[in-house]
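Trainee: Supplied in structure tokens, the structure appears directly below.
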Amino acid sequence: MLVVMQNHATPEQIERVVNVIREMGYEPRPMPGETRTTVGLVGNDGRVDGSRLESLDGVAEIIHVSKPYKQVSREWREENTVVTIAPGVSFGGKDIVIIAGPCSVESEQQIIASANAVRDAGATALRGGAFKPRSSPYSFQGLGKKGLELLAKARAETGLPIVTEALDDEGAHLVAEYADMIQIGARNMQNYSLLRTVGKLGKPVLLKRGMAATITDLLLSAEYILAEGNGQVVLCERGIRSFDTMTRNLFDLTAIPLVQKLSHLPIIGDPSHGTGLRDKVIPMARAAVAAGADGVMVEVHPTPDRALSDGGQSLYPEQFRNLVGELRAITSVIGRRVATLSPSPSPAAAGTPAPAAV
Ligand code: PEP
Ligand code: MN
């Protein structure tokens, strides 16, 4: 339930609403808006009698949220949520964020080369898995902590913020020490204990759609994170299973405008996992941006043929560079633009040579 205050409600009137919600045994969530404050009521499972709140001074109206998810819904919050992971790198505003990099961190040389290549081509964040959820226990499982250290090194060298996956509760704490954004993969979208953990960690989260998850399932999973007090969540459409074996997954572009209608959270597209085929990644990345996505996540590898995971869907750096140019053109006709990293205070991180010693 949402208590909408009148435009000129006083701080004392808002405070009174907050206290009454607490007395009723629920948790108040005041949300100051541009013109008026709303106070959300959380902790209820079912309809709450709002008559006591309705009669308080300064209250304009009571809204009962009709969806099964509450805090992620547009009913709860009208304006888009903007999630910032580094200076100049925000999801949910005018900018679209391009996250690129290899599927897995494989070696220092590989991740540094990938980071430099994607940064030079115009990416605004670096991806790379250190903990890999693989279908087979015998496949490469990632470098673990060493992989996180290498990602931190790549960030120091390029200034790119890091997006990397956490597989379990224990790993999430470790990932949070290194990452700018914690990825929850498709296979873990309904790992509710992990969702609660990243909710408590308070770092930005990239929540990928499960391969058999409905849009409602995705939004309910996001609700777990918000319910723990972390509103910094970006959703990701990465394809769902279908009967057609021509592609790895069916990239569900309609999910993008659907989610934007139902929720205030940003949503990006991952055409790499969405299609599983290198030559389909570029058209689907263009399509995701044209459909209104707040960003794209694309796998790029310096030598895809030698990749330890997902080489067949990874772009060559040159292909990625062309794609960024195309995405710039598409964003300009839909009133958006590709995000650019704000200059870093450190010359090394900004990629500019340090002044020569005199
Ligand atoms: C990934 O991004 O590397 C990944 C494993 O994706 P997903 O969880 O969407 O399969
Ligand atoms: Mn991958």
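Sequential numbering of the sequence shown, starting at 3, is according to this note's numbering. Every residue, glycine too, gets a C-beta built ideally from N, C-alpha and C. Bear in mind that the values here come from a model prediction, so they are computed numbers and not experimental data.
Can you give the Cα-Cα distance for glycine 424 and glycine 278, rounded to whole angstroms?
Mentor: Residue 424 lies beyond the residue range present for the chain, which begins at 3 and ends at 360; the question has no answer from this structure.
Trainee: For the structure I just gave you, are there three or more beta carbon pairs, one from the region 289-302 and one from the region 91-103, closer than 8 angstroms?
Mentor: Flag = yes, the region 289-302 and the region 91-103 touch.
Trainee: Can glutamate 301 be considered in contact with the ligand MN, in the sense that its beta carbon sits closer than 7 angstroms to one or more heavy atoms?
Mentor: Taking the sequence shown and counting its residues from 1, one reaches residue 301 at position 299. Glutamate 301 Cβ: within cutoff of the ligand MN.
Trainee: Out of Ser265, Thr249, Leu58 and Ala229, which one is the CA nearest neighbour of leucine 221?
Mentor: Here residue 221 refers to the residue found at position 219 of the sequence shown. With distances taken between Cα atoms, leucine 221 lies closest to Ser265.
Trainee: Give me, in chain order, the residues of the same chain whose beta-carbon lies closer than 6 angstroms to that of arginine 250; leave out the 5 immediate sequence neighbours on both sides.
Mentor: Here residue 250 refers to the residue found at position 248 when the sequence shown is read from its first residue. Here the set comprises Gly278.
Trainee: In chain order, what are the residue ranges of uninterrupted alpha helix (DSSP H) at least 4 long that sit wholly in the region 209-257?
Mentor: If we require 4 residues or more, the alpha helix (DSSP H) runs fully inside the region 209-257 come out as 217-229.
Trainee: Looking only at its chain, what residues have a beta carbon closer than 8 angstroms to the beta carbon of valine 177, apart from the 5 residues adjacent to it on each side?
Mentor: By one-based count along the sequence shown, residue 177 stands at place 175. Contacts found: Ala132, Phe133, Leu150, Thr166, Glu167, Ala168 and Ile184.
Trainee: Can you tell me the Cα-Cα spacing of tyrosine 140 and leucine 203, whole angstroms?
Mentor: As a working mapping, residue 140 is identified with position 138 in the sequence shown. As a working mapping, residue 203 is identified with position 201 in the sequence shown. Taking the straight line joining both Cα atoms gives about 31 angstroms.
Trainee: On the premise that isoleucine 242 lies in contact with methionine 286, defined as a C-beta separation below 8 angstroms, what is that separation, rounded to the nearest angstrom?
Mentor: As a working mapping, residue 286 is identified with position 284 in the sequence shown. As a working mapping, residue 242 is identified with position 240 in the sequence shown. Their Cβ separation, rounded to whole angstroms, is 14 angstroms, which puts methionine 286 and isoleucine 242 out of contact at 8 angstroms.
Trainee: Taking any heavy atom of the ligand FMN as the mark, which residues have a C-beta closer than 5 angstroms to it, listed down the chain?
Mentor: The model depicted lacks the ligand FMN and carries the ligand PEP and the ligand MN instead.
Trainee: By the 10 Å Cβ neighbour count, where 16 or more other Cβ atoms means buried, how is glutamine 111 classified, buried or exposed?
Mentor: The sequence position of residue 111 within the sequence shown is 109, counting from 1. Its Cβ having fewer than 16 others within 10 Å, glutamine 111 is exposed.
Trainee: If we count Cβ pairs, one from each stretch, closer than 8 angstroms, do we get three or more for the region 90-97 versus the region 39-52?
Mentor: The region 90-97, when compared against the region 39-52, does not touch it at the 8 angstroms Cβ threshold.
Trainee: Rounded to the nearest angstrom, what separates alanine 158 and leucine 152 at their Cα positions?
Mentor: Counted from its first residue, the sequence shown places residue 158 at position 156. Counted from its first residue, the sequence shown places residue 152 at position 150. Roughly 10 angstroms between the two C-alpha positions.
Trainee: Per the DSSP calculation, glutamate 29 is bridged to which residue(s)?
Mentor: Stepping through the sequence shown from its first residue, residue 29 is reached at position 27. Answer is Val44.
Trainee: Would you identify the three-state DSSP class for threonine 333, choosing helix, strand or coil?
Mentor: Along the sequence shown, one-based indexing puts residue 333 at 331. In the structure shown, threonine 333 sits in a helix (DSSP, three-state: H, G or I).
Trainee: Alpha carbons only, please: which of Asp246, Phe245 and Thr199 is nearest the one belonging to alanine 224?
Mentor: What you label residue 224 is simply residue 222 of the sequence shown in a count that begins at 1. Here the closest residue by C-alpha is Thr199.
Trainee: Which term fits threonine 247, buried or exposed, when burial requires 16 or more other beta carbons within 10 angstroms of its beta carbon?
Mentor: As a working note, residue 247 is residue 245 in the sequence shown. Per the 10 Å Cβ criterion, exposed.
Trainee: Round the Cβ separation of alanine 156 and isoleucine 114 to the nearest angstrom and send it over; I've been treating them as touching at under 8 angstroms.
Mentor: For the purposes of this step, residue 156 is identified with residue 154 of the sequence shown, where counting begins at 1. For the purposes of this step, residue 114 is identified with residue 112 of the sequence shown, where counting begins at 1. Indeed they touch by this definition, with Cβ atoms about 6 angstroms apart.
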